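Chemist:
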Amino acid sequence: MRNKTLLIILCCFSLLVQLEASNAQSDPNLATEKEEDDSARCRHSGICEVLACEFPSVDRAERVRDAARWTWKGYKDCAHGWDELRPVSCKGQEWHKLQLTPIDAMDTLALMNLHQEFNEALQLVKDQLNPTEECNVFETTIRILGSLLSTHHIVSAHYNKDIDGGAHESTSLDLLNAAIDVGSRLFRAFNSPSGIPYSDINLSTGSTERSVYHSSMAEATTLSLEFTFLARLTGEETFEKAAMKVHQVLTPSVEKYEGLLPQFVSPSDGSCSGNYFMLGARSDSYYEYLLKQWILTGQNR
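Here the sequence shown stands for residues 4 to 304, where the numbers follow the working numbering.
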């Protein structure tokens, strides 16, 4: 029944997308509107009438860049070197003491060709990143490891030579080395009886004693993209094998529950538990990563 319901939802969504495309081709007025603003979400929400459609696309792009500059300036003025900005008090606060905001911002700043802001974020990471604290494995993987890997990829593969004063090769290598360091420390969380990663780890000692008994489904399964990409960059297959083993351990539960899984999974024995089956919190990114992992691995698994 769950599979049928999910299939019906996907079919309805597909029909809506096809209908939107068909209307745009047949209705000249809608086609003109689409030229003014090619975002269907914007048009249907109504915000384009107030914001987007009032400005040419080039102006809109620059306004987005201005917003990014303003946001980075706020962080730099009030929370420089801290994980996060508290905008009301104009103070910084720590979460895992991992330069969260600079690392999370670097790939976006690089894509926007905001050279000065990128270099400022990069310098913070080079000077202050010290992965030795207690942290949540899921959050650190998607925010820190993922951002280091994506920025490394952008700098090395889609590089604008002005972004770091021409030192892009060394910058790319520095980012990769930082990713390897963080990834290797996080990787110890997979050392559980079942192969399901523990929820928390001390990045200095490797201790997982503060982990909860049951990891949330999203936390345990939303690591495969980052560790697969890290494996491809380093040639260390163990990173990818450990991440993919999680899905192997879950296979009996996938069959038992017909595709939709409960909210929790045990690192001790890989068993699933929980009274709720949902696509929201504690489960959402499990389903998101299934598709992305399939695409990343060549659509052959």
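Cβ atoms here follow ideal geometry from the backbone N, Cα and C, with glycine treated the same way.
In this text the structure is predicted, and so the values were computed from the model without any measurement.
One question on the structure: do Gln102 and Leu127 come within less than 8 Å of each other, judged by their Cβ atoms?
Modeler: Taking 8 Å as the Cβ cut-off, Gln102 and Leu127 qualify as a contacting pair.
Chemist: Taking C-alpha atoms, which residue in Tyr260, Gly277, Glu261 lies nearest to Val268?
Modeler: That would be Gly277, whose Cα lies nearest to the Cα of Val268.
Chemist: The beta strand (DSSP E) with Glu243 in it runs from where to where?
Modeler: Per DSSP, Glu243 belongs to no beta strand (DSSP E); it is in the alpha helix (DSSP H), 240-259.
Chemist: Alpha carbons only, please: which of Leu151, Ile183, Leu112, Leu206 is nearest the one belonging to Glu136?
Modeler: Among Leu151, Ile183, Leu112, Leu206, the Cα nearest to that of Glu136 belongs to Leu206.
Chemist: Looking at the secondary structure, which residues open and close the beta strand (DSSP E) in which Thr204 lies?
Modeler: First, the residue type needs correcting, since residue 204 is Ile and not Thr in the sequence shown. Unbroken beta strand (DSSP E) run through Ile204: 203-205.
Chemist: Please name the residue, chosen from Trp75, Asp69, Pro200, that lies closest to Ala108 on a Cα-to-Cα basis.
Modeler: Nearest C-alpha to Ala108: Trp75.
Chemist: With respect to the alpha helix (DSSP H) encompassing Gln131, which residues constitute its N-terminal and C-terminal limits?
Modeler: From DSSP, the alpha helix (DSSP H) with Gln131 extends over 118-131.
Chemist: Mind the definition here: the segment 112-126 touches the segment 90-101 only if three or more C-beta pairs lie below 8 Å; say whether that holds.
Modeler: Not touching, per the Cβ criterion.
Chemist: Give me the Cα-Cα distance between Lys244 and Ile145, rounded to the nearest whole angstrom.
Modeler: So the alpha carbons of these two residues sit roughly 18 Å apart.
Chemist: By the 10 Å Cβ neighbour count, where 16 or more other Cβ atoms means buried, how is Ala70 classified, buried or exposed?
Modeler: Burial call: exposed.
Chemist: Let me check one thing: in DSSP terms, what residues is Phe267 bridge-paired to?
Modeler: Per DSSP, Ser219, Ser276.
Chemist: Between Trp98 and Ser202, what straight-line distance do the alpha-carbon atoms span, to the nearest angstrom?
Modeler: Looking at the two C-alpha atoms, the distance is approximately 16 Å.
Chemist: By alpha-carbon positions, which one of Lys79, Pro196, Met281 ends up nearest to Ser271?
Modeler: It is Pro196 whose Cα lies nearest to the Cα of Ser271.
Chemist: In this structure, what does DSSP give as the bridge partners for Gln96?
Modeler: Its beta-bridge partners are Glu87.
Chemist: Quick check: the Cα distance between Gln296 and Ala234, rounded to an integer number of angstroms?
Modeler: Computed Cα separation, rounded: 13 Å.
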